[in-house]
Amino acid sequence: MIGGFVEKNKKTVIAILSGFILFGSGISLGTGLNELKAQPNSVQFSGLEEIEPGEIASSSVEEKQFPININTASAIDLELLPGIGPSKAQAIVDYRETYGKFKAISEIDNVSGIGPATFERLKALITVK
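First residue of the sequence shown? That's 21 in our numbering, and the numbers climb one at a time after it.
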């Protein structure tokens with residue numbers, strides 16, 4: 021009985037079912053939007069703490085202090101310096117491993133990719149101990 025009705029009215033049944041699906045999706049989307057409207061000024065990511073605008077995040081990561089000792093710093097630590105990306109940081113580490121510890125901060129000028137302008141930006145932020 022129902023099978024015969026469906027066969028005769030396929031287009032109507034498909035249109036009605038599509039309408040229910042769209043209507044249900046709209047309700048679901050509307051509910052999600054209402055939740056977003058409840059917290060307009062916050063962003064939340066899974067696994068991270070929620071931070072309101074103007075709030076400073078607390079961090080369990082140790083903050084690096086300057087000056088950075090270029091004789092002991094890792095490549096990651098060296099990347100904290102302005103103008104030093106991953107390749108220059110690795111070049112500093114490679115230079116140190118090849119030629120030994122830096123005796124003066126000005127020796128960083130000998131590292132490939134680091135010139136006088138970069139040294140001027142770095143000299144107050146680096147040390148050799």
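For glycine and all other residues, C-beta sits at the position ideal for the given N, C-alpha and C. Small disclaimer: the values here were computed from a predicted structure and weren't measured.
- A distance of 9 angstroms or more separates the beta carbons of I125 and T92.
- A137 has its alpha-carbon roughly 22 angstroms from the corresponding atom of S94.
- In the structure shown, the three-state DSSP call for N89 is strand.
- A distance of 9 angstroms or more separates the beta carbons of I90 and K108.
- A direct Cα-Cα distance of roughly 56 angstroms separates L142 from G46.
- Contact annotation: P106 and L145 have beta-carbon atoms that are not nearer than 9 angstroms.
- Under the DSSP assignment, K121 falls outside any alpha helix (DSSP H); it carries neither an H nor an E label.
- Scanning its chain for C-beta atoms nearer than 6 angstroms, with the 5 sequence neighbours on each side dropped, one finds around Y115 the residues V131, in chain order.
- Between the C-alpha atoms of G23 and K30 there is a straight-line separation of about 10 angstroms.
- In the same chain as T118, and ignoring 5 residues on each side of it, no C-beta atom comes closer than 7 angstroms to its own.
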